[in-house]
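Heads up: the structure comes next, in structure tokens.
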Amino acid sequence: MRSDQDTARAVIDRYGTTYSEAAGIRLEDEPAPLFQLLVLAQLLSARIGADIAVAAARELLAEGWTTAARMREAGRGRVIAALGRGGYRRYDERTATQLRDMAQLVLDRYGGDLRRLAGAAGGDVASASRLVQEVNGIGPTGAAVFLREVQVVWPWVQPYLDDRATSGARRVGLPDDEHRLASLVPTDELAAFAAALVRVSLLAKGVDALGNEPLGNAAAGIAVAGGAVAGAAPSRAVVE
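211 is the number that my numbering gives to position 143 of the sequence shown; each next residue is one higher, with no gaps.
Right, here's the structure in full:
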């Protein structure tokens, strides 16, 4: 019988590409990558496929809009065009406005450096979530995305395994208590574990998350191909 630790390892090995990694963000505790993660959280906040949001993030980064200052100066038409190239057409005009407004807020409130948001939160995760949600267009879903991913560079957020992650844990027979789950993996893999559990929670009904079906088929969906997250189930799902 597989132990909980073995199950956790299998989940990470099969699904543990973080959304930041898929978007090409090299996450560090520095202003630029933290802002890029906030952009990704904004894109994943809409009811749109996760692969489309990731592809759109890659397009924005490819344009060089990697900091709050650069995003603020980006022409709205060019932002809309970049979102469109990523397939993010349903919400492109609204999101282009929100991204530039977000950049202005980050500059005005935090001097372009989201480490100051961490300081304002005072080590309290609930406060950090509230501050992230002060960005227009980011609600609980986007804040959860941000916190799940940022815990790899903000250890004070750990363990962050929200309801979506614990839903995935239940699906593979793991405990749904945040701290019990966190004890199954090294702390430096918590973000990957959280992302993996989210992916499991988004699999289609009837799919055996840890079955013997090869990666790339209906049960998988974590490989990065052509700048987007490939694979049937997660690519169609909305990350909430």
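Beta carbons: idealized from backbone N, C-alpha and C, even for Gly. For clarity, every value in this text was computed on a predicted model and none was experimentally measured.
Closest Cα partner of T86 within the set L271, L278, A233 and A262: A262
Terminal residues of the continuous alpha helix (DSSP H) containing P208? P208 to V218
How should W133 be labelled, buried or exposed, when 16 other C-beta atoms within 10 angstroms of its C-beta is the threshold for buried? buried
Taking the beta carbon of T135 as the centre, do at least 16 other beta carbons fall within 10 Å, making it buried, or is it exposed? With 16 or more other Cβ atoms from the protein chains shown falling within 10 Å of its own Cβ, T135 counts as buried.
Three-pair Cβ contact test at 8 Å for the stretch 102-119 versus the stretch 228-248: no
What's the gap between the Cα of L283 and the Cα of R158? Residue placement at L283 is flagged as unreliable, the pLDDT there being 43, under the threshold of 50; the coordinate-derived value follows with that caveat. The straight-line gap from Cα to Cα measures roughly 30 Å.
Could you pull the start and end residues of the alpha helix (DSSP H) that S197 belongs to? V193 to V200
Using the beta-carbon count (16 or more within 10 Å), is Q73 buried or exposed? exposed
If you check the beta carbons only, do L111 and A100 fall under 8 Å apart? no
Can you tell me the Cα-Cα spacing of S235 and L215, whole angstroms? Distance between the alpha carbons of S235 and L215: 17 Å.
Would you say the beta carbon of R168 comes nearer than 7 Å to a heavy atom of the ligand SAH? Inclusion of the ligand SAH in the displayed structure is not the case, the ligand content being empty and no account of it being possible.
Where do the N-terminal and C-terminal ends of the alpha helix (DSSP H) with G152 fall, by residue? R144 to R153
Quick one, which of A142, A164 and R70 has its alpha-carbon nearest A152's? One detail in the question is off: residue 152 reads as Gly in this sequence, not Ala. That would be A164, whose Cα lies nearest to the Cα of G152.
What's the gap between the Cα of P223 and the Cα of R77? Within the model, the alpha-carbon separation for P223 versus R77 is close to 21 Å.
Would you identify the three-state DSSP class for T234, choosing helix, strand or coil? helix
Starting from P99 and walking both ways along the alpha helix (DSSP H), at which residues does that stretch end? P99 to S113
If you draw a straight line from the alpha carbon of A188 to that of V275, how long is it in whole angstroms? 42 Å
If you draw a straight line from the alpha carbon of V203 to that of M69, how long is it in whole angstroms? Cα to Cα, the separation comes out at about 46 Å.
Using 8 Å as the threshold, is the C-beta distance between G155 and A125 below it? no
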